[in-house]
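*Asks:* Numbering (this note's numbering) for the sequence shown: 1 to 103. In this text, a Cβ means the ideal position worked out from N, Cα and C, and glycines have one as well.
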Amino acid sequence: FISEGDLYLTNIEGLSPSETPVGMKLTSTVGNVVGAAMNPKYPYLIAYTATYSARREVYLLDLRPAYRGPALRLTYMPTEHGVRELIGWSDDGSRIVFSAMNE
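Okay, structure coming up:
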């Protein structure tokens, strides 16, 4: 869930409770997080949009303990406003669908 501009995780199927504490904060940087989506095939992958830079972009978090770290920025939109919204994942979990703002 998203609260006050940050992304939190309350529970995830497939991970033990010790790996996923209740209400774990996933983001804590300057920037507004919006529109998170969990991968349907790999539930440890979460895509979301955020305004860490001047425009909104798509980021990816890997929740597996061995891969946890800073979010990976997936888009570098050339438009002034960047990504409009994260629509979700493809059914097979191989692609992220989003819309962009045109100038």
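Would you give the residue range spanned by the beta strand (DSSP E) that Gly88 belongs to?
*Replies:* Note, Gly88: beta strand (DSSP E), Val83 to Trp89.
*Asks:* So, with DSSP's three-state summary, where would you put Tyr48?
*Replies:* DSSP places Tyr48 in strand when its eight states are reduced to three.
*Asks:* Could you check which residue in Val97, Pro65, Met77 and Tyr59 has the C-alpha nearest to that of Leu7?
*Replies:* Comparing Cα-Cα distances from Leu7 to each of Val97, Pro65, Met77 and Tyr59, the minimum goes to Tyr59.
*Asks:* For Val33, is the classification buried or exposed, using 16 other Cβ atoms within 10 angstroms of its Cβ as the cut-off for buried?
*Replies:* When all chains shown are included, Val33 counts as buried.
*Asks:* Leaving out five residues on either side along the sequence, give the residues of the same chain with a beta carbon under 7 angstroms from the beta carbon of Thr51.
*Replies:* Excluding sequence neighbours, Thr51 sits near Gly31 and Asn32.
*Asks:* So, at 8 angstroms on beta carbons, what are the nonlocal neighbours of Ser99 in its own chain, with the 5 sequence-adjacent residues on each side left out?
*Replies:* Same-chain partners within the cutoff: Val83, Arg84, Glu85 and Ile87.
*Asks:* Measuring CA to CA, which of Glu57, Asn39, Ala47 and Lys41 is closest to Leu26?
*Replies:* Nearest C-alpha to Leu26: Ala47.
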